[in-house]
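Data block below; observations after.
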Amino acid sequence: MKADVALHATTAFAAEAYPVIESLIARGINVVTITQELFFPLGSNVGIAEEIDRQAKAAGARVTAVGINPGFILDLLPISASSPCWQVNRVDGRRIVDFSPYGPDEMRHIGAGLTESEFALGAKDGTIGHTGLLETAGMVAVSMGLEVDELRQAKSAIITSRHRRTSYPPVIEYFGHMSAGYFVKHTEVPEDILRRATRKLPARRCVRW
């Protein structure tokens, strides 16, 4: 018996998701994916999204990308909230997350417990940081009617003044701060579209983004 819909939740990256999605739509199966880079495709991912669209139409299948970030809290929600406004001068989105239930892999992904040089290397090669910030910034900017020239994401380490012991990893020394902004007609918009930062707090309190 053929499935009607496949829920795809294996990767954040469009290039990695493409072969799996391709095999599903070839069978005429509809796909709902959480691949962040497909929510609002940018750069080389536009071509991947267009190819998925072409194949899906040929096979009579449908593919949609969904999620929380990107997909709702920091993009669809502020866009919807701005609909009754005559003019929007600034969009400032902040995310608050409790990372205490997560293990060492996720801690490393946000840059916790690394040396400053390790953080810098991870920020450069893309292994540190949340995938989807630029997609969120792009969707918000375009939905606000802005002609965007450039999207840029920044990552910098926040260094704690003392050792902080947690279950994973044993000592937290560095945290990640990420922000995404946009450039309109060659002029940088000073306010961040959204900001992510982590800060280890005492037990039962949340981590700020």
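Here the sequence shown is numbered in the working numbering, starting from 315 and rising by one per residue. Note that beta-carbon positions come from the ideal geometry of N, C-alpha and C, so glycine has one too.
query = Within 10 angstroms of its Cβ, does P355 collect 16 or more other Cβ (buried), or is it exposed?
reply = What you label residue 355 is simply residue 41 of the sequence shown in a count that begins at 1. Buried, because 16 or more other Cβ atoms sit within 10 Å of the Cβ of P355.
message = So, with DSSP's three-state summary, where would you put N359?
response = Working through the sequence shown from its first residue, we reach residue 359 at position 45. Three-state DSSP puts N359 in a helix.
task = Determine the closest residue to P384 out of A320, A451 and A434, with distance taken between C-alpha atoms.
result = By 1-based counting over the sequence shown, the position of residue 384 is 70. Answer by Cα proximity: A451.
key: Nearest-angstrom Cβ-Cβ length linking E329 and I362, presumed shorter than 8 Å   = Indexing the sequence shown from 1 puts residue 329 at position 15. Indexing the sequence shown from 1 puts residue 362 at position 48. Checking the sequence shown, residue 329 turns out to be Ala, not Glu. The Cβ separation is near 7 Å, so the contact holds.
Sub-8 Å separation of V462 and A471 beta-carbons = In the sequence shown, the residue the question calls residue 462 occupies position 148. In the sequence shown, the residue the question calls residue 471 occupies position 157. Going by beta carbons, V462 and A471 fall outside the 8 Å limit.
query = CB I387 to CB R409, shorter than 8 Å?
reply = Here residue 387 refers to the residue found at position 73 of the sequence shown. Here residue 409 refers to the residue found at position 95 of the sequence shown. Cβ distance < 8 Å, so I387 and R409 count as in contact.
task = Leaving out five residues on either side along the sequence, give the residues of the same chain with a beta carbon under 6 Å from the beta carbon of F327.
result = In the sequence shown, the residue the question calls residue 327 occupies position 13. Excluding residues within five positions, the ones whose Cβ falls inside 6 Å are E351.
ask   = Start and end of the beta strand (DSSP E) containing H444?
value = Position 130 of the sequence shown, counted from the first residue, corresponds to residue 444. Neither: H444 is in no beta strand (DSSP E) and is coded neither H nor E.
query = Alpha carbon to alpha carbon, what distance is there between A323 and G427?
reply = As a working note, residue 427 is residue 113 in the sequence shown. As a working note, residue 323 is residue 9 in the sequence shown. Computed Cα separation, rounded: 27 Å.
key: Identity of the residues DSSP links to V346 by a beta bridge   = Counting from 1 along the sequence shown, the entry for residue 346 is found at position 32. L321 and T378.
task = Can you give me the Cβ contacts of T325 inside the same chain, cut-off strictly under 7 Å, excluding the 5 residues immediately before and after it?
result = Taking the sequence shown and counting its residues from 1, one reaches residue 325 at position 11. Cβ neighbours of T325 beyond the five flanking positions: A331 and T349.
request  = Could you check the C-alpha separation between A340 and I424 for me, to the nearest Å?
outcome  = The residue labelled residue 340 in the question sits at position 26 within the sequence shown. The residue labelled residue 424 in the question sits at position 110 within the sequence shown. Roughly 36 Å between the two C-alpha positions.
ask   = What residue does the alpha helix (DSSP H) around G436 start on, and which one ends it?
value = The sequence position of residue 436 within the sequence shown is 122, counting from 1. For G436, the enclosing alpha helix (DSSP H) begins and ends at E430 to D439.
key: L465 versus N359 - alpha carbon distance   = To locate residue 465, count along the sequence shown from 1; it is residue 151. To locate residue 359, count along the sequence shown from 1; it is residue 45. Rounded to whole angstroms, L465 to N359 spans 14 Å at the Cα level.
request  = For S457, name the three-state secondary structure that DSSP assigns.
outcome  = One-based indexing of the sequence shown puts residue 457 at position 143. The three-state reading of DSSP puts S457 in helix, counting H, G and I together.
ask   = How many angstroms separate the CA atom of M453 from the CA atom of I393?
value = In the sequence shown, residue 453 corresponds to position 139, counting from 1. In the sequence shown, residue 393 corresponds to position 79, counting from 1. If I take the Cα positions, the gap works out to 9 Å.
query = M421 lies in the alpha helix (DSSP H); which residues open and close that run?
reply = On the sequence shown, position 107 is the one that residue 421 refers to. P418 to H423 is the span of the alpha helix (DSSP H), which, as asked, contains M421.
request  = Following the continuous alpha helix (DSSP H) through I339, name the residue where it begins and the one where it ends.
outcome  = Position 25 of the sequence shown, counted from the first residue, corresponds to residue 339. For I339, the uninterrupted alpha helix (DSSP H) segment begins and ends at A328 to A340.
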